[in-house]
Every structure is written in structure tokens, then in C-alpha cells.
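K.L.:
The structure that follows is given in the form of C-alpha cells.
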Amino acid sequence: MLTLIAVVSSAGGAGRSTVTAHLAAQLAYASHPVVVLELDAQNSIGSVLGLREACGKGVLSPGVAPDCWHSVLCDTPAGVPLLPAGRTDPTTLAALVQWLQQDTGGLRRQLDALGLAPGTRVLIDTQRLPDMAAQAAVAAADLILGIVPVTTTGYVTQPDLMAACAGRVQMVPNLAAANSSFNNDLLHLMQARAGEAVVPLRIHRDEAISTMAANGKTLANAGFGSQAALDFARLAAWLMRATTPDEVLDRSGRGEK
Ligand SMILES: Nc1ncnc2c1ncn2[C@@H]1O[C@H](COP(=O)(O)OP(=O)(O)OP(=O)(O)O)[C@@H](O)[C@H]1O
Ligand SMILES: [Mg+2]
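Residue numbering for the sequence shown follows full-length UniProt numbering, starting at 1 and increasing by one per position.
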């Protein structure tokens, strides 16, 4: 059984692709099976996973039907298998969105057909909400990670995010600046508004993220000692607990969720 995780936001540039890529790399580094699916026509997450060139063919490309997704699954230097968006056009994009809307079980069925290892976490990078493909990922997901930048825009758009995910979203604060009292106040306001729907950790604003992007590396493989590497290790541990059934946790003796 696959676990589908939609990574969404209502704010642009919130860090969806960054969180998707580094979280996936951290899971792969810890030997947990993971795949990234890119449902964003920007076709750029491959670069965060270490690919030097944009993928030509992907799940949004003309001529790649959903039952052919195995043909575009590729390895990345981060050790994370990727179903890239690929180059697309408006007609192909519209057809995919129509399929996602009409065949509500289709996304999971096509991912199941890839024959991935049981327990694989499929992290789905999306375009900013409101977006039909992102909405379909939200509907299909077992867990929704909402990336909320700790900025004024993040605070203002937080209610839209909660509404778009019908109360099912788990919010990950990103771009947190620990040494700014304004930033800390914003985070507290977000936590006060959403309570336990805010994941009890934060991803700090950290230059290591842009350094890694420039070098085609990930924090899991090359960012040892950075604040962001620590943040993503914590987020990966939280995600594993949040997506592992209680009975498995009990049997392994790792305690309660
Ligand atoms: N915690 C962070 N610390 C430093 N830089 C960050 C952090 N998170 C994201 N960034 C940077 O912010 C920019 C936007 O991030 P990203 O592309 O992941 O956002 P997105 O939500 O996917 O945006 P888009 O709407 O373009 O898809 C990138 O340059 C990324 O490197
Ligand atoms: Mg993105």
C-alpha cells in the first residue's frame, strides 16, 4: 500500500518544491522507500534533486498517458526516484486535469501500477492553490502537508489553505527566522489560529538551502551540521510517525504516535 502525501500551499514561493525534495531526500537517506511526483508545469523539482537538465518527458508531457508513467520514472542524484512533470502544453495539461477530476481513484491506481515497494511514500509537488491538479492531489492524499511561509503572506493566506484542504491539512512552517521577534510573533499567531494542525516544528530560513540548490546537492547528502538539515531530519521523523499505522508502531516497540 502506497502512502500519498500532497505538498500544497496557498502562498506562492512558500517552499513546496524545496520541502518536497529535501524531505524526500532525507527519507531516501534513511532508507525509507520514497518517490516524488511532480504535478507542477514548472518542471523544476529535478534541479533540487540534483538533475543538471530539465526533464523533457514527464507525466504532464504530450504522448505520456497515465498508464505509461513507468516510462518517465527516473533516478536522481539525491537517490529519490522522480516522476517529473516534463515539458507540457495547455492542451495536454487540460486533459490531465480533466482525467484527475473525473477519475477520482485514477491517481492512486496509476501509482499502484508502477509496482513500487509496499510502504513507499509518494510526495506530490503541486502548483499553488487554487489549482485543479493540486486539488486532485489533495483529494487523493492520505496526508496533506501545507507549507506556510512564516511571512505576512503566509499568515494572510493560512485560512485559504485550511479551507481548500477541508480541515485535513497539516501545516509546516517554512522560512522561519528564529532571531526575529516579528517572525516569532507571526508563527505564534498561526499556531494559535490552527492549533494542532500546525506540525510541532519549523523549517528555518537557511542559506544552506540555496547553496545546496546551486551545487546540485541535498541537505541529506551534503548539508551536515546546517540548521535546515536538522529541520528536515526532524520533519522526516515526524512524517514517518504520522504515516505509520499504530499497530506497526506498537509491534516495533517504538511507542505511541
Ligand atoms: N527554508 C528556506 N530557507 C531558505 N530558502 C528557502 C527556504 N525554503 C525555500 N527557499 C527558497 O525560496 C524559493 C522558493 O522556494 P520553492 O521554489 O521551493 O517554492 P514553491 O512553493 O515551490 O514555489 P513555486 O510557486 O514557484 O512553485 C527558492 O529559491 C528556495 O530555494
Ligand atoms: Mg515549486
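Quick reminder that beta carbons are idealized off the backbone N, C-alpha and C, glycines included.
Any idea what DSSP makes of Asn179, helix, strand or coil?
P.N.:
On the sequence shown, position 179 is the one that residue 179 refers to. Looking at Asn179 - three-state DSSP - the assignment turns out to be coil, as it is neither helix nor strand.
K.L.:
Quick check: Pro159 and Arg202, are their CB atoms within less than 8 Å of each other?
P.N.:
Against the sequence shown, residue 159 aligns to sequence position 159. Against the sequence shown, residue 202 aligns to sequence position 202. No, the Cβ-Cβ distance between Pro159 and Arg202 is not below 8 Å.
K.L.:
Taking just the CA atoms, how far does Val198 sit from Met171?
P.N.:
The count along the sequence shown starts at 1 and reaches residue 171 at position 171. The count along the sequence shown starts at 1 and reaches residue 198 at position 198. Between the alpha carbons of Met171 and Val198 lies a distance of about 5 Å.
K.L.:
So, for Arg108: in the same chain, excluding its five sequence neighbours on each side, which residues have a beta-carbon less than 8 Å away from its beta-carbon?
P.N.:
Taking the sequence shown and counting its residues from 1, one reaches residue 108 at position 108. Here the set comprises Leu2, Leu4 and Ala140.
K.L.:
For Val7, tell me which candidate among Val48, Gly86 and Gln127 has the shortest Cα-Cα distance.
P.N.:
Within the sequence shown, the letter at position 7 stands for residue 7. When each option's Cα is compared against that of Val7, the closest is Gln127.
K.L.:
With distances taken from each beta carbon to the nearest heavy atom of ligand 2, which residues come in below 7 Å, in chain order?
P.N.:
Of all residues, those with a beta-carbon under 7 Å from at least one heavy atom of ligand 2 are Arg16, Ser17, Asp40, Gln42, Ser44, Ile45 and Asp125, reported in chain order.
K.L.:
Using 10 angstroms around the beta-carbon of Asn43, count the other beta-carbons present and answer buried if the total reaches 16, otherwise exposed.
P.N.:
Position 43 of the sequence shown holds residue 43. Asn43 comes out buried.
K.L.:
Taking the alpha carbon of Thr243 as the point to measure from, which residue in Gly154, Val34 and Glu207 has its own alpha carbon closest?
P.N.:
Your numbering for residue 243 matches position 243 in the sequence shown. Nearest C-alpha to Thr243: Val34.
K.L.:
Who does Gly146 pair with in a DSSP beta bridge?
P.N.:
Sequence index remark: in the sequence shown, residue 146 carries index 146 (1-based). Gly146 is bridged to Val8 and Met171.
K.L.:
If you draw a straight line from the C-alpha of Ser226 to the C-alpha of Val169, how long is it?
P.N.:
Indexing the sequence shown from 1 puts residue 226 at position 226. Indexing the sequence shown from 1 puts residue 169 at position 169. Spanning the two alpha carbons is a distance of roughly 28 Å.
K.L.:
Hey, would you say the C-beta of Ile209 is under 7 Å away from at least one heavy atom of ligand 1?
P.N.:
Here residue 209 refers to the residue found at position 209 when the sequence shown is read from its first residue. Inclusion of Ile209 in the 7 Å shell around ligand 1 follows from its C-beta lying nearer than that to a non-hydrogen atom of the ligand.
K.L.:
Would you kindly work out how many angstroms separate the C-alpha atoms of Ala24 and Leu37, rounded to a whole number?
P.N.:
In the sequence shown, the residue the question calls residue 24 occupies position 24. In the sequence shown, the residue the question calls residue 37 occupies position 37. If you take the alpha carbons of Ala24 and Leu37, they lie about 11 Å apart.
K.L.:
Ordered along the chain, which non-local residues of its own chain (more than five positions away) have a Cβ less than 6 Å from that of Gly154?
P.N.:
Counted from its first residue, the sequence shown places residue 154 at position 154. Cβ-Cβ distances below 6 Å link Gly154 to Ala11 and Val148 in the same chain, with the five nearest sequence neighbours on each side left out; the list follows chain order.
K.L.:
For Ala228 and Ala166, what's the separation of their Cα atoms in angstroms?
P.N.:
Walking along the sequence shown from the start, residue 228 turns up at place 228. Walking along the sequence shown from the start, residue 166 turns up at place 166. So the alpha carbons of these two residues sit roughly 30 Å apart.
K.L.:
With a threshold of 6 Å on Cβ separation, who are the neighbours of Ile45 within its own chain once the five nearest residues in sequence on each side are excluded?
P.N.:
Translated into the one-based positions of the sequence shown, residue 45 becomes position 45. Sequence-distant partners of Ile45 (beyond 5 residues in either direction) whose C-beta falls short of 6 Å from its own C-beta, in its chain, are Ser17, Ala21, Glu38 and Asp125.
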